[in-house]
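First the structure, in the form of structure tokens, and then the observations on it.
Residue numbers (the working numbering), protein chains in the order written: chain U, 145 to 770; chain Y, 145 to 770.
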């Protein structure tokens, strides 16, 4: 079968901002580029080893070789293989790697080998489980796996031109439409774990086949009618258009919303967009951590009540942060509103990036904001959705930097890079951007080809109002509105230089008084980075015995290699030992003034994403303040 | 039927301390006596009106008059009537009140009129519900109501000599033994809400009939075998001897433990005592509020996880505090260990006493340790277990002050009073105690009849080590061990004076660091009283914007009549407005040093039990400390 990718459209009809092609951007920065390089050099190979050790590859092989061999692990294990493939595809487009290329080819062959004559493709629902196909959409993740297969197939075709997996994925997608379409076998089919929705829209965009879009919409509209038992956990308690806040399992909720946003981008159905905006607003004002993490509740990996944002007990799954990034990104594409880029950046640098160790081979699944050193990075998990998910986000990161619109080019995230993109009208845009972002907010952008277009530069929400912009050495604006895009429209000449200054002083943050346990506490930020105290030196105060002086002065320092040269904040305060109690002591104890011992000291706050990479000790994002 | 109260024993075989007869003590103090007087003058009459208005009395009348009238309220409503009767009985023994006496007689007549020929007595399981008798021991509180009936009947007989209700209660108890005894109809019968256990032991003590004790033990041993579905909520997940911590519904749990303690007092079964000691120790170290309140979790009115002690969301039901007092009291009687008296006193003065307003006619059901003024006293509740429960504790309070043992007389609680008691060997003990307790720790005890005996004076756990004791003006000991009974054994002469000095400075308390939200906070105490800030004056800082200076000096002041002349603590600190956020604002906001406004101020902390009696405002037990 030869696929006719006749549509291949880049722009959806209700889209304000259009992603540039991945090969239009070349990252050259010292923050992301080395991380993406490390993916290629280390992360993706070790992840493959884990996929192999844990039987996730063997699960495909047994279907062909010997079905009497036991299926290994959980029924949705193959989704990790698909996410890994997707990450490898993105990585290969940037860093050629023969080992990875070979592995990708082998794995693809193993996958397509298990496709059934009718197009069905799943490593669990075969053999004696074949009769269970489509019988437990609620909990067995069958359509979830299909969605990740489709995403991987598109990524591989885009990156390598190889259409083997895409051909298989399309056959499978056709079977899904055949099975779940209106007036078909299971018209009420409702995926228990969203993912297929956004994948089907992606396949629609890639092939032009409208049936995939129609099926995505049907899956979305089937929710909220009790097909999943009216469970909030499954976002089935209300029709999606009636949702007003985030409920239930956090990853499911944000994947669903990303899928809804994709359907909106193609259909322009305002009632969908309205529900998304209401939910996003509620989440941002009641349900998100200062790190951009979401899904505070361990029980059900779920969104909690308003202001239910515990620190040490925070769940804040890495995958939930990733799903939020997907959703934020789509909201940005729809609206061009800088608030979405702002939130995306916050979650990316903090809640998500904490999910992978500086070594590139250790991970957090949940991301508490305080720890008494019991929370440790792991090389893999029994349910290991997070590691390959982080990999595919990092590997595709360059795609988030720039977007275009009819008017011009939009800079969403700042990282040293070159850009060589086309606007929708064909105008060529070429520039080089230099910066030490996120450690420093000086942005130097040099036009490398003359053209007339508007440049939209994002002014982050954290930005001090004296952010300024110069063109060719002359001040163009000395005040810029935080959380906006500043537009500079002109006929650019080769060599024109735009300089943006986004000051990044230490900015202490306080929390809404409804988060009672954060009274008397501040979180330190600088630019998009949230910092934390980590107690790894016995001569330092434990993280929660350090009390910041209210008018403390701050100094930036840079860490050595062992912490990836991150920026740190030296903070003055006191070591407060007003607690004769050890943690094993009585509930309450009298305290006498002469028992309060205070000594002046200083500590180094490190970026939150970098915690848990040295010795393990207490960690605290929200620092006590006297 | 004439009952032979042939046993009437005061002392159980495994009892170290023996309660004195209620009429041996006469309270004359300014703290408790006016409260108990107010019961007689106001509280019990208004509670009767509520019982009447809400159909709790009519539920008895309909059984005799017209069963087609609907039963009003919940199926356990009659338990409130029984608790009210018990309180009235105790009150009449101290304050003659013709209105109450008449009401008591009328209500007793209405109750006994519904007793069925077989002895059954319950206002709900009659008429069309008769077939439901004993069919839902788990949730319908049938045996719980029977227990309260028995307790009321004993109290009335003791106080007034009238045995009408007691005769009915004994007939009902006999039916219960008949129904639930070994090899009877329901040998596995397990009460869903404990109460019958302690009541049956009381009836055993009062009548000498061993079958009641045997039945109490059977009910206790039936637990933990799944008869209530292995529910932790019902303390059915383990046999009671295997319990190691407090689980489930708090009132159920402490009522059960009081019943277990009663059975131990009669049987000496060490495995029961051991379980009680393990549970008590765990509760005290992990599950109790600084006020002595318990049952922190709103969901299920239940004990939470270790250190799960939220403030504003605290449940801490008044009835749970009362049940804890019952349990503490029995542990004290068993062991003579001052730690139990200490805890009883703490819970009595704080967690329990907060449950009734200074007006004697308004109540709290749950008792949070912080409030944003949404928590208000009510005149009654749909489930109104707490108001009559507080009444019966207050009305019987004089019985907690003194106990005896073979060696002598024990002073457990300090309150101005006279005591005229007999030791087990017949020795007469007479004295007058003067004090302004709990506002002041000077205790003046004058012997008013010569006799040789040991006087055991409780040295509270909160007591500063320089507590001292003088006899006839001479220092007898200038250091006393906190949380102990100091023993003074001598031949006392008429007019001997014992002076005990228990200093009550302001004592700030800190919490175990495992209670994360209490870092940087202190609770102020003085003697047994826990204080709180209440924001009722718009010119004062809101309770949680007041920051106590670490070495603040404290001054005592006394309130006027509107706050019942309570002692207050004037505290110095600052009004910290470092929060530009209102509660409706964003989750997180930057804070700049110039936004931190601090002004020196002072506030008056009032006893926790007295909060919510003036205008309603913010309240905070745990005060921020800089």
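Think of the CB as a built atom: it goes at the ideal place given N, C-alpha and C, for glycine as much as any other residue.
- In this structure, DSSP gives residue 424 (chain U) a helical state, which the three-state scheme calls helix.
- With the rule of 3 Cβ pairs closer than 8 Å, the segment 561 to 581 of chain U does not count as touching the segment 522 to 540 of chain U.
- Against residue 730 (chain Y), the close residues of chain U are 428, 429, 656, in the order they occur along the chain (beta-carbon pairs closer than 9 Å).
- In the DSSP secondary-structure assignment, residue 651 (chain Y) is bridged to Y:669.
- The C-beta of residue 232 (chain Y) comes no closer than 7 Å to any C-beta of chain U.
- Taking all protein chains in view, the Cβ of residue 702 (chain Y) is surrounded by fewer than 16 other Cβ atoms within 10 Å, so the residue is classified as exposed.
- At the C-beta level, residue 305 (chain Y) and residue 521 (chain Y) stay beyond 7 Å of one another.
- Residue pairing by DSSP places residue 171 (chain Y) opposite Y:561 in a beta bridge.
- For the segment 628 to 660 of chain Y, the beta-carbon criterion of a distance under 8 Å to any beta-carbon of chain U is satisfied by 651, 652, 653, 654, 655, 656, 657, 658, 659, 660.
- Annotation: Cβ neighbours of residue 664 (chain Y) in chain U (cutoff 7 Å, chain order): 664, 768.
- Between residue 623 (chain U) and residue 609 (chain U), the beta carbon gap of about 6 Å places them in contact (Cβ cut-off 8 Å).
- Take the alpha-carbon of residue 355 (chain Y) and the one of residue 337 (chain U): they are about 59 Å apart.
- Check the Cα spacing between residue 363 (chain Y) and each of Y:345, Y:253, Y:351: the tightest is with Y:345.
- DSSP places residue 459 (chain U) in the coil class of the three-state scheme, outside both helix and strand.
- In this structure, the straight-line span from the alpha carbon of residue 673 (chain U) to that of residue 751 (chain U) is close to 6 Å.
- For the pair residue 288 (chain U) and residue 339 (chain U), the CB atoms are nearer than the 7 Å cut-off.
- Remark: C-beta atoms of residue 351 (chain Y) and residue 436 (chain Y) do not approach each other more closely than 7 Å.
- Looking at the backbone, the Cα of residue 248 (chain Y) and that of residue 229 (chain Y) are separated by about 6 Å.
- In this structure residue 316 (chain Y) is buried. Its beta-carbon is surrounded by 16 or more other beta-carbon atoms within 10 angstroms.
- The segment 168 to 175 of chain U and the segment 193 to 211 of chain U do not touch, with fewer than three beta-carbon pairs separated by less than 8 Å.
- Considering only Y:233, Y:219, Y:680, Y:158, the residue with the shortest C-alpha distance to residue 516 (chain Y) is Y:680.
- With a cutoff of 7 Å on beta-carbon distance, residue 484 (chain U) and residue 475 (chain U) are scored as near each other.
- When DSSP states are grouped into helix, strand and coil, residue 596 (chain Y) belongs to the strand group.
- Looking only at Y:301, Y:357, Y:227, Y:302, the smallest Cα-Cα distance to residue 293 (chain Y) is reached by Y:227.
- The three-state reading of DSSP puts residue 390 (chain U) in coil, since its state is none of H, G, I, E or B.
- Taking every protein chain shown into account, the CB of residue 518 (chain U) has fewer than 16 other CB atoms within 10 angstroms, so this residue is exposed.
- By the CB criterion at 7 Å, residue 166 (chain U) and residue 552 (chain U) fall outside the cutoff.
- The beta carbon of residue 211 (chain U) is closer than 6 Å to those of 271 in its chain, skipping five residues each way along the sequence.
- Residue ranges of uninterrupted beta strand (DSSP E) with 3 or more members, entirely inside the segment 485 to 533 of chain Y and ordered along the chain, are 514 to 516.
- A Cβ of chain U is located within less than 7 Å of the beta carbon of residue 434 (chain Y).
- Fewer than three beta-carbon pairs drawn from the segment 555 to 568 of chain Y and the segment 198 to 217 of chain Y are found closer than 8 Å, and the two stretches are therefore not classed as touching.
- Distances from the CA of residue 162 (chain U) to each of U:320, U:404, U:546 were compared; the closest alpha carbon is that of U:546.
- In the DSSP assignment, residue 301 (chain Y) falls within the alpha helix (DSSP H) that extends over 286 to 304.
- By the criterion of at least three beta-carbon pairs nearer than 8 Å, the segment 623 to 641 of chain U is not in contact with the segment 505 to 515 of chain U.
- At least 7 Å separates the CB of residue 604 (chain Y) from every CB of chain U.
- The alpha helix (DSSP H) runs lying completely inside the segment 575 to 645 of chain U and spanning 4 residues or more number zero.
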